[in-house]
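Q: Protein chains in written order, with the working numbering: chain F, 398 to 571; chain G, 263 to 571. The C-beta atom is built at its ideal place from N, Cα and C for all residues, glycine as well. Here the structure is a predicted model, which means the values were calculated and not measured. Quick one: structure below, then a few questions.
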Amino acid sequence: MRRTAARKYTKAQLQLTETILVVFAIAIIVMLGTFLFYRYSIQGLSETGERLSEQQTSVLLARITSMAELGCGEENCMDTSKFIPFKNLIGARDYRNIFGSKRITVEQAYPEVDSDKECNVQSYNQKDYPDNCKKWILYDNAGKEFYAVSTPVVLYFPEVGEYRLGILKVEASR
Amino acid sequence: MSKGFEMSLKAIFTMIAGVVILIFFVNFALEQKSVKEEINLRESVTSLDDQLDAFAISESSSKTINFPDKARIDFRCEDIEAEGYSKGDEKIIFSDDIDSSEIRAWTLAWDFPFEIANFFYLTDNRRFLLVYNQNSFEFVNSLDFPKAFNVQKQELRFFDAERLDKEIGDNKITIAFFAPVNPSETKQKLKNADIIVVDTENDELNINGENDFYLGKEMLLGALFDPKEYGCLKSKAMTRLKDITLIYSGKASLLSQKSDQKCRNYLFEAKNSLETFKRQDDNEGLYKMKEKIEKQNRELEKNGCKKIY
């Protein structure tokens with residue numbers, strides 16, 4: 398009698414352990430599934446984020462030349478005599494809403510310039526300007542990891558009444 | 263009895279486990295749905311913002327922007343807000359709160375006297391009624407609205423406030439009077455309409471009883487599209503005006519260093535005018551300085567000097 402009861406008890410215990418094991422296995426599968434799903438979702442989200450960021454950077458690149466702060470007005474070019482005052486303005490006004498985490502540079506491309514110097518007030522005041530400097534860093538707020546998009550632009554130098562070819566580059570943080 | 267008890271215990275255990283798993287999956291699905299909706303919303307707002315940025319490259323242009331679903335978007339002075347998500351924006355957007363899958367958009371470059379910014383005008387279904395008299399007929403005709411907008415023009419003598427009040431119901435409407443009328447009296451008769459009385463002689467306006475001013479037709483159009491936020495958007499535009507003036511003042515200063523004495527004097531005068539212009543806050547002073555800067559710019563060109571703009 399006692400032995401039958403003990404056997405039944407062992408059988409019940411075994412079945413309960415079996416059930417717990419099944420539930421445990423299901424829980425593991427569910428957790429694994431959830432983990433994988435989230436991993437792919439996060440990957441998808443970061444891809445969407447990158448796509449939107451690249452789209453924004455391309456739009457910004459096209460927009461910079463037409464901005465009243467830097468453009469020539471009616472003509473489709475960049476007025477280099479506005480670059481230095483613009484840099485001074487950036488020191489006083491918050492342009493993060495417009496540019497965000499980016500670095501914006503303009504380089505003279507043609508005719509080639511025998512200098513790698515950044516153009517500033519000192520180089521402007523010299524007689525050989527604009528041949529004595531190569532680039533303007535218009536805005537600098539990019540992080541360490543970034544990607545770059547660039548486009549050729551027409552640069553206008555009102556001091557000498559010349560148009561030159563330049564490269565406008567926008568580096569955006571990833 | 264014992265077996266039956268064992269079976270029911272197992273069934274209860276399985277049911278509890280099943281319910282827990284079911285709740286988990288239902289929650290998971292609901293959470294994913296709301297996350298997806300949030301992502302779509304953010305994507306739509308970002309995409310709209312990019313479309314407007316791309317649109318701003320043109321000096322004057324209009325288009326219809328479509329959304330896949332009907333969306334509620336509030337264009338406020340400093341940001342764009344859609345169902346709890348807001349995105350800061352530096353653009354000057356005169357707009358209603360949009361509640362549609364279609365937005366009619368228009369942009370114009372604002373020059374005062376040099377190009378300052380692009381103004382955006384957005385609406386889903388606002389109606390514009392421009393009431394004129396003989397003196398303002400030409401001015402009203404010069405407000406060249408794109409065809410996509412619901413604009414009607416009416417002479418003051420044919421204007422019937424009572425009839426119009428019955429007709430408009432809850433629809434959004436701006437009634438702009440380019441003729442002398444009593445703003446508070448008209449507002450009483452047309453409670454659901456935005457009433458704007460424009461004084462084209464002095465570049466002043468009265469928006470739903472509040473006096474204000476405008477700088478150019480582009481800004482006046484802004485008051486017609488967004489009477490509620492006009493004051494804040496005008497301030498935003500004025501800040502940009504001051505910023506751009508500061509750049510031109512810096513440009514004048516740089517150019518004078520590369521000029522001969524005669525041009526240096528003209529540029530110095532222009533720089534002083536720009537500095538004064540930057541400090542002006544009333545429309546009379548701003549218009550006066552604008553004309554002075556225009557004249558000085560012409561003088562610079564006439565004398566073979568580099569122009570400011």
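Between the stretch 478–489 of chain F and chain G, which residues of the former have CB atoms less than 9 Å from a CB of the latter, in chain order?
A: Ser478, Lys479, Ile481, Pro482, Phe483, Asn485, Leu486, Ala489
Q: Assuming G/Arg580 and G/Asn433 form a contact by the criterion Cβ under 8 Å, report the distance between their Cβ atoms to the nearest whole angstrom.
A: Residue 580 of chain G is absent from the model: chain G starts at 263 and stops at 571.
Q: Is the shortest distance between the beta-carbon of G/Ser323 and the beta-carbons of chain F less than 9 Å?
A: no
Q: How big is the Cα-Cα spacing for G/Val297 and F/Ile564?
A: 40 Å
Q: Under three-state DSSP, which class holds G/Ser521?
A: coil
Q: How is G/Met263 classed by DSSP in three states: helix, strand or coil?
A: Confidence at G/Met263 is low in this model, with a pLDDT of 48, below 50, so the placement of that residue is unreliable and no value is reported for it.
Q: Report the residue ranges of all beta strand (DSSP E) runs contained in full by the stretch 383–467 of chain G; include only those spanning at least 3 residues, in chain order.
A: 389–394, 412–417, 435–440, 456–461
Q: Between the alpha carbons of G/Lys533 and F/Glu504, how many angstroms are there, rounded?
A: If you take the alpha carbons of G/Lys533 and F/Glu504, they lie about 28 Å apart.
Q: Using the rule of at least 16 other Cβ atoms within 10 Å of the residue's Cβ for burial, across every protein chain shown, is G/Met263 buried or exposed?
A: Annotation note: pLDDT 48 at G/Met263 (below 50); position unreliable, coordinate value reported separately. The residue in question, G/Met263, is exposed, as its Cβ has fewer than 16 Cβ neighbours within 10 Å.
Q: So, does the CB of G/Arg338 fall closer than 9 Å to a CB anywhere in chain F?
A: no
Q: In the DSSP assignment, the alpha helix (DSSP H) including F/Val518 goes from what residue to what residue?
A: 518–522
Q: Does any CB atom of chain F fall closer than 9 Å to the CB of G/Met263?
A: Confidence in G/Met263 is poor, its pLDDT being 48 and thus under 50, which makes the residue's placement unreliable; the coordinate value appears in the next sentence. No, no contact with chain F.
Q: In whole angstroms, what separates the C-alpha of G/Ala316 from that of G/Ala371?
A: Answer to the nearest angstrom: the Cα atoms are 14 Å apart.
Q: Would the stretch 479–494 of chain G count as touching the stretch 370–386 of chain G if we require 3 or more Cβ pairs under 8 Å?
A: yes
Q: Could you name the residues of the same chain whose beta carbon sits closer than 6 Å to that of F/Cys530, not counting the 5 residues immediately before and after it, in chain order?
A: Ser512, Lys514, Cys516, Ser520
Q: Do the CB positions of G/Asp505 and F/Arg493 come within less than 9 Å of each other?
A: no
Q: Between F/Phe554, F/Trp533, F/Ile495, F/Pro555, which has its C-alpha nearest F/Lys484's C-alpha?
A: F/Trp533
Q: Quick one: is G/Arg560 near chain F, going by C-beta distance under 9 Å?
A: no
Q: Is F/Tyr526 close to chain G, meaning its C-beta is less than 9 Å from at least one C-beta of that chain?
A: yes
Q: Step through the CB atoms of chain G and report whether any lies within less than 9 Å of the CB of F/Ala465.
A: yes
Q: What do you reckon, are the CB atoms on G/Leu314 and G/Ala344 nearer than 9 Å?
A: no
Q: Going straight from the alpha carbon of F/Met464 to that of G/Ala379, what length do you get?
A: 8 Å
Q: Which parts of the stretch 290–374 of chain G are runs of the beta strand (DSSP E), unbroken and 3 residues or longer, counting only runs that do not cross its ends?
A: 322–337, 341–344, 347–350, 354–357, 360–373
Q: For G/Lys564, go through chain F and note every residue whose CB falls closer than 9 Å to its CB, in chain order.
A: Result: empty, since nearest Cβ-Cβ is about 16 Å, beyond 9 Å.
Q: Please list the residues of the stretch 512–530 of chain G that have a C-beta atom closer than 7 Å to any C-beta atom in chain F, keeping them in chain order.
A: Along the stretch 512–530 of chain G, the positions whose C-beta sits under 7 Å from a C-beta of chain F are Gly512, Lys513, Leu516, Leu517, Gln519, Lys520, read in chain order.
Q: Counting Cβ pairs closer than 8 Å, one from the stretch 552–569 of chain F and one from the stretch 472–480 of chain F, do we hit at least three?
A: yes
Q: Considering only C-alpha positions, which residue in the set F/Gly441, F/Leu418, F/Thr454 is nearest to F/Ala569?
A: F/Thr454
Q: Classify G/Tyr476: buried if its beta carbon has 16 or more other beta carbons within 10 angstroms, exposed otherwise.
A: buried
Q: For a cutoff of 9 Å on Cβ pairs, would you count G/Gly350 as touching chain F?
A: yes
Q: Quick check: what's the CA-CA separation for G/Pro408 versus G/Glu480?
A: 14 Å
Q: Could you give the distance in angstroms between the alpha-carbon of G/Asn565 and the alpha-carbon of G/Asn559?
A: 10 Å
Q: Measure from the C-beta of F/Gly470 to each C-beta in chain G and report whether the shortest distance is under 9 Å.
A: yes
Q: With respect to the beta strand (DSSP E) encompassing F/Ile534, which residues constitute its N-terminal and C-terminal limits?
A: 532–537
Q: List the residues of chain F that G/Ala316 touches, going by C-beta distances under 8 Å, in chain order.
A: Val456, Ala459, Arg460
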